[in-house]
Amino acid sequence: MRGILRATALTAAIGALALLPTTAASAAPAGAAGPAASGCVTDSETEDFGRGEITVCVEDGEVRVTGHVEDLKPGGPFNGGDSGCVGWWIDWETASGPDSSTSTLACPHFTDEPYVEFDYDPTDSEYGPKDVTGVADTHLTMVFM
Numbered sequence: 012m013r014g015i016l017r018a019t020a021l022t023a024a025i026g027a028l029a030l031l032p033t034t035a036a037s038a039a040p041a042g043a044a045g046p047a048a049s050g051c052v053t054d055s056e057t058e059d060f061g062r063g064e065i066t067v068c069v070e071d072g073e074v075r076v077t078g079h080v081e082d083l084k085p086g087g088p089f090n091g092g093d094s095g096c097v098g099w100w101i102d103w104e105t106a107s108g109p110d111s112s113t114s115t116l117a118c119p120h121f122t123d124e125p126y127v128e129f130d131y132d133p134t135d136s137e138y139g140p141k142d143v144t145g146v147a148d149t150h151l152t153m154v155f156m
């Protein structure tokens, strides 16, 4: 039950995160020279605040995001941490123009889980991108909550 509550809380937080400012280290997806019309984009990064890997596949109108993130400063501001959550920022190409969203987040100061794996379709979310045609960029980011 506790795991379901955590997953529900993180899913709700993701929708709200699109409106929050972020501090991010930008990097082009590995193997991508520009927006991918279809196919898969894979990226991995390590920053002082976190690390992770992501694969985003857009094929035949279907979208799948898989990977993991790890918060490397999970203690919170009073315990040597940073009070930020770590996730992937994804810039989407859609039929109606650019859009963006975050992956599932590692928020150990809320959930005690510094390492999170994910496998989902972002278009299933009410707040997720719609009519995705490709991926423009991915980068590891920290969101303050």
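Each residue of the sequence shown is one higher than the one before, starting from 12 at the first, in the numbering used here.
All residues carry an ideal CB built from backbone N, CA and C; glycine is no exception.
These figures come from a predicted structure and were not determined experimentally.
Using the Cα positions of Cys51 and Pro119, report the straight-line distance between them to the nearest angstrom. Cα to Cα, the separation comes out at about 29 Å.
6 Å CB neighbourhood of Thr77 in its chain, flanking five on each side removed: For Thr77, where only same-chain residues beyond five positions count, the Cβ hits under 6 Å are Thr66 and Asp130.
Please report the distance separating the alpha-carbon of Tyr126 from that of Val80. When only Cα atoms are considered, Tyr126 and Val80 end up about 6 Å apart.
How many angstroms separate the CA atom of Pro140 from the CA atom of Val146? The alpha-carbon atoms of Pro140 and Val146 are separated by roughly 11 Å.
Have a look at the DSSP bridge pairing and note the partners of Phe129. According to DSSP, which records beta bridges pairwise, Phe129 is partnered with Gly78.
Mapping the DSSP letters down to three states, classify Asp148 as helix, strand or coil. Here DSSP, grouped into helix, strand and coil, assigns Asp148 to strand.
Helix, strand or coil: how does DSSP classify Thr115 here? Thr115: coil per DSSP, three-state reduction.
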